[in-house]
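A.B. asks: Going down the list, the protein sequences come from chains A and B.
With our numbering applied, the first sequence covers 197 to 577.
With our numbering applied, the second sequence covers 852 to 986.
Glycine included, each C-beta is placed from N, C-alpha and C at the ideal position.
It should be emphasised that the depicted structure is a prediction, and the values quoted were computed from it without experimental measurement.
First the structure, which I've put down as structure tokens, then a few questions once you've had a look.
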Amino acid sequence: MDEALVRSLTPGVLTILVRRGADFAAAEDAVQDALIEAFRVWPAAPPRDPKGWLVTVAWRKFLDQARADSARRRREDLTEDEPPPGPAPGVDDTLQLYFLCAHPSLTPSSAVALTLRAVGGLTTRQIARAYLVPEATMAQRISRAKRTVSGVRFDRPGDVATVLRVLYLVFNEGYSGDVDLAAEAIRLTRQLAAAIDHPEVAGLLALMLLHHARRASRTGPDGSLVPLAEQDRGRWDTRMIAEGIGILQAALARDRLGEFQAQAAVAALHADAPTAGETDWVQIVEWYDELVRLTDSPVVRLNRAVAIGEADGPRAGLAALAALDEALPRYAAVAAYLHERDGDPETAARLYAEAARKAPNLAERDHLTRQAARLNAGRRR
Amino acid sequence: MAKYLLLKHYRGAPAAVNDVPMDQWTPEEISAHLQYMRDFADRLEKTGEFVDGQALAPEGAWVRYDGEGRPPVTDGPFAETKDLIAGWMIIDVDGYERAVELAGELSAAPGAGGKPIHEWLEVRPFLAAHPTVTE
């Protein structure tokens, strides 16, 4: 019994049922029943066409359930109107499901859970473990999400930006439990990129690949955070970087720039530098200018101040920083870094300690505390 | 998707608006209060926002290591502390605003006279173990 195969087939089967007119929640139940049947039957009698088998069994389960419902006659009419099952190319099947799972009526956490469940084919337990919540909670989150999108009909394509945001949320959750959510997000984005021709889908895929390629070098053996400049570039996955850059270049060539492509361009410039000192900061500043134009996000302006600090010196970086709101996340960390490079370890140490108190995660807090301690110890010596 | 700890204090927090000690409520008022908390937790499980929650006894003790081969030092079973935790609930919600909204609802649990107690609850975000990608 090939679990990976079953997992890759499930979304397509689900889509076929939905397209034939099954309600989303009922279709999901029917597919689950078919999977249970498959686990029982396949080891002894493997089917020649696993997907066809699953569709047939799931559809039968759906009909059994529908017949038992009070709306029996209406549903039977529906099956008679059923369009003839034509050839269903694997990639197109799931596209509809992406848009359904990222429907604007869902909260971000519900959209993420539903996408992992319906498109990714993960079990509720796997998703619950990845997000460190009880299985009962995750089950409720998913069934609520299913109820919310129940009855939603897709006669026109949904909003790609919403789908991309959901996938990026999954990617940024990283690794916990027995599922690597970053790898799962890449797998799903790859599938989406194969099904839909959109430069920003390619941009997001490139961005994920470029970040993921550096993952092994981002943490020390003790789990501590290793900043970009100190990472062992020999541990970067060069094949993944090459793939990311290739995808990005093809997307950029189409001249429909978007946020993810611009972010990927910054990541590509980092990935391209043989040493931190050889980073093309001038070009990175230009990409941040584009990002400011595209998003007008204060966080982007903060990152731009860092890049200016590298391209034109810490004074220029501090000047760019002065125009921003001190309440921004990581403002103090950036200020600390620029002050240190400007030769003011006392201010830098104070700001590092302040940044550590405001850090949003443990690895970052520990890293910033160490920076403050390092500067303070240096001054005592 | 961020986890928050909602902390309920025995003392250390500012006084509730409807500040009548629980032992002076009627039994019905106490039942109504407890039922409100249970309903709240049940509802959050259904919305997929509940992670965990427990009530704690007020009797805490401070404990300290006292050197190799010696038993830990305690300051006795009835610690005099200015702050005691009565209980906690962990929620997993879409953001800070939702966490505050829920804490507000929890604070409206009925107390003496069947009126909301308006007690102060502390909301503390969890620090995630995994850094997000923001290089």
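Could you tell me which chain B residues have their CB closer than 8 Å to the CB of A/Y327, listed as they occur along the chain?
C.D. replies: The residue you call residue 327 of chain A lines up with position 131 of the first sequence. Residues of chain B passing the Cβ test: M852 and D943.
A.B. asks: So if DSSP puts B/P961 in a beta bridge, which residue, or which two residues, is it bridged to?
C.D. replies: Counted from its first residue, the second sequence places residue 961 of chain B at position 110. DSSP lists B/P967 as partners of B/P961.
A.B. asks: What residues in the segment 428 to 440 of chain A have a beta carbon less than 7 Å from any beta carbon of chain E?
C.D. replies: Absent from the structure: chain E. Protein chains present are A and B.
A.B. asks: Hey, would you say A/T333 sits closer than 7 Å to B/F977, going by beta carbons?
C.D. replies: Within the first sequence, numbered from 1, the residue matching residue 333 of chain A stands at position 137. Within the second sequence, numbered from 1, the residue matching residue 977 of chain B stands at position 126. For A/T333 and B/F977, no; Cβs fall outside 7 Å.
A.B. asks: Around the Cβ of A/A523, are there at least 16 other Cβ atoms within 10 angstroms (buried) or fewer (exposed)?
C.D. replies: Taking the first residue of the first sequence as 1, we reach residue 523 of chain A at position 327. Burial is judged here by how many other beta carbons sit within 10 angstroms of a residue's own beta carbon; A/A523 has fewer than 16 and is exposed.
A.B. asks: Tell me, please, whether the segment 854 to 872 of chain B touches the segment 937 to 948 of chain B by the rule of three or more beta-carbon pairs shorter than 8 Å.
C.D. replies: In short, these stretches touch, since the Cβ pair count reaches three.
A.B. asks: Helix, strand or coil for A/I338 per DSSP?
C.D. replies: Numbered from its first residue, the first sequence carries residue 338 of chain A at position 142. Three-state DSSP puts A/I338 in a helix.
A.B. asks: Name the chain B residues that come within less than 8 Å of A/Q336, Cβ to Cβ?
C.D. replies: Within the first sequence, the letter at position 140 stands for residue 336 of chain A. Here the neighbours are E896, K897, T898 and G899.
A.B. asks: Is the Cβ of B/V924 closer than 7 Å to any Cβ of chain A?
C.D. replies: As a position in the second sequence, residue 924 of chain B is number 73, starting the count at 1. Chain A contact via Cβ: absent.
A.B. asks: Kindly say whether A/L213, judged by its beta-carbon, lies nearer than 7 Å to any beta-carbon of chain B.
C.D. replies: Against the first sequence, residue 213 of chain A aligns to sequence position 17. Contact with chain B is absent for A/L213, since none of that chain's Cβ atoms lies less than 7 Å from the residue's Cβ.
A.B. asks: Counting only the same chain and skipping the five closest in sequence on each side, list residues whose C-beta sits under 8 Å from that of B/D917.
C.D. replies: Looking up residue 917 of chain B in the second sequence gives position 66. Cβ neighbours of B/D917 beyond the five flanking positions: P923 and V924.
A.B. asks: So, is the C-beta of A/P417 closer than 7 Å to a C-beta in chain B?
C.D. replies: For the purposes of this step, residue 417 of chain A is identified with residue 221 of the first sequence, where counting begins at 1. It does not: the Cβ of A/P417 has no partner Cβ on chain B nearer than 7 Å.
A.B. asks: Hey, is the segment 380 to 399 of chain A in contact with the segment 477 to 484 of chain A, meaning 3+ C-beta pairs nearer than 8 Å?
C.D. replies: Contact fails between the segment 380 to 399 of chain A and the segment 477 to 484 of chain A, because fewer than three Cβ pairs, one in each stretch, are under 8 Å apart.
A.B. asks: To the nearest angstrom, report how far apart A/N368 and A/W238 are at their CA atoms.
C.D. replies: Position 172 of the first sequence, counting from 1, holds the residue named residue 368 of chain A. Position 42 of the first sequence, counting from 1, holds the residue named residue 238 of chain A. Roughly 36 Å separates the two Cα atoms.
A.B. asks: Alpha carbon to alpha carbon, how far is A/L310 from B/E896?
C.D. replies: For the purposes of this step, residue 310 of chain A is taken as the residue at position 114 of the first sequence. For the purposes of this step, residue 896 of chain B is taken as the residue at position 45 of the second sequence. Whole-angstrom Cα-Cα distance: 17 Å.
A.B. asks: Give a yes or no on whether the minimum CB-CB distance between A/S305 and chain B is below 7 Å.
C.D. replies: Locating residue 305 of chain A in the first sequence gives position 109, counting from the first residue. Judged by the 7 Å Cβ criterion, A/S305 is in contact with chain B.
A.B. asks: How about B/A1005 and A/N557: are their beta carbons less than 7 Å apart?
C.D. replies: Outside the displayed range of chain B (852 to 986) lies residue 1005 of chain B, so it cannot be described from this structure.
A.B. asks: In the DSSP output, what is A/N557 paired with across the bridge?
C.D. replies: To locate residue 557 of chain A, count along the first sequence from 1; it is residue 361. Paired residue(s): B/A979.
A.B. asks: Run through chain A and tell me which residues come within less than 7 Å of B/V902, C-beta to C-beta.
C.D. replies: For the purposes of this step, residue 902 of chain B is taken as residue 51 along the second sequence, with counting starting at 1. Simply V329, P330 and T333.
A.B. asks: Taking the alpha-carbon positions, what's the A/P147 to B/Y887 distance?
C.D. replies: Here chain A comprises residues numbered 197 to 577, so residue 147 of chain A is not present and cannot be evaluated.
A.B. asks: For the 8 Å Cβ check, are there 3 or more pairs between the segment 878 to 887 of chain B and the segment 567 to 574 of chain A?
C.D. replies: no
A.B. asks: Report, in whole angstroms, the separation of the C-beta atoms of A/W477 and A/A507, which I expect to be a contact under 8 Å.
C.D. replies: Counting from 1 along the first sequence, the entry for residue 477 of chain A is found at position 281. Counting from 1 along the first sequence, the entry for residue 507 of chain A is found at position 311. Confirmed, Cβ separation roughly 4 Å.
A.B. asks: Find the residues of chain B that neighbour A/L487, judging by a C-beta separation of less than 9 Å, and give them in chain order.
C.D. replies: Taking the first residue of the first sequence as 1, we reach residue 487 of chain A at position 291. Per Cβ cutoff of 9 Å: no residues; A/L487 is ~13 Å from chain B at best.
A.B. asks: Using a Cβ cut-off of 7 Å (strictly closer), state whether A/L558 contacts chain B.
C.D. replies: Here residue 558 of chain A is taken as the residue at index 362 of the first sequence, counted from 1. Yes, A/L558 lies at the interface with chain B (some Cβ there is under 7 Å from its Cβ).
A.B. asks: Of the residues A/P510, A/K257 and A/P207, which one's Cα is nearest the Cα of A/R313?
C.D. replies: Position 117 of the first sequence, counted from the first residue, corresponds to residue 313 of chain A. Closest by alpha carbon: A/P207.
A.B. asks: Looking at B/M852 and A/S339, is the spacing between their C-beta atoms short of 7 Å?
C.D. replies: Start at 1 with the first residue of the first sequence, and residue 339 of chain A comes out as number 143. Start at 1 with the first residue of the second sequence, and residue 852 of chain B comes out as number 1. No, Cβ-Cβ distance for A/S339 and B/M852 is not below 7 Å.
A.B. asks: Along chain B, which residues have their Cβ under 9 Å away from the Cβ of A/R340?
C.D. replies: Against the first sequence, residue 340 of chain A aligns to sequence position 144. Residues of chain B passing the Cβ test: K897, T898 and G899.
A.B. asks: Can you have a look at B/L972 and say buried or exposed, based on whether 16 or more other CB atoms are within 10 angstroms of its CB?
C.D. replies: To locate residue 972 of chain B, count along the second sequence from 1; it is residue 121. That one is buried.
A.B. asks: According to DSSP, is A/L453 part of a helix, a strand, or is it coil?
C.D. replies: The residue labelled residue 453 of chain A in the question sits at position 257 within the first sequence. Three-state DSSP puts A/L453 in coil, outside helix and strand.
A.B. asks: Using the beta-carbon of each residue, which ones in chain B are nearer than 7 Å to A/V530?
C.D. replies: Locating residue 530 of chain A in the first sequence gives position 334, counting from the first residue. What A/V530 touches in chain B: nothing, since even the nearest Cβ is about 11 Å away.
A.B. asks: Using three-state DSSP, classify A/Q427 as helix, strand or coil.
C.D. replies: The residue given as residue 427 of chain A occupies position 231 in the first sequence. Coil, per DSSP.
A.B. asks: For the beta strand (DSSP E) containing B/I942, list its first residue and its last residue.
C.D. replies: What you label residue 942 of chain B is simply residue 91 of the second sequence in a count that begins at 1. L935 to V944 is the extent of the beta strand (DSSP E) around B/I942.
A.B. asks: Below 6 Å CB to CB, which residues in the same chain sit around A/Q459 once its five sequence neighbours on both sides are set aside?
C.D. replies: The sequence position of residue 459 of chain A within the first sequence is 263, counting from 1. Answer for A/Q459: L403, listed in chain order.
A.B. asks: Under a three-way DSSP split, which group does B/V902 fall into?
C.D. replies: Locating residue 902 of chain B in the second sequence gives position 51, counting from the first residue. Strand at B/V902.
A.B. asks: With a threshold of 16 other CB atoms inside 10 Å of the CB of A/P280, please say whether the residue is buried or exposed.
C.D. replies: Translated into the one-based positions of the first sequence, residue 280 of chain A becomes position 84. Residue confidence is low: A/P280 scores 49 on pLDDT, short of 50, so the model does not pin down where it sits. Its coordinate-derived value is still stated next. The residue in question, A/P280, is exposed, as its Cβ has fewer than 16 Cβ neighbours within 10 Å.
A.B. asks: Please classify A/D374: is it buried, with 16 or more other beta-carbons within 10 angstroms of its beta-carbon, or exposed?
C.D. replies: Here residue 374 of chain A refers to the residue found at position 178 when the first sequence is read from its first residue. The residue in question, A/D374, is exposed, as its Cβ has fewer than 16 Cβ neighbours within 10 Å.
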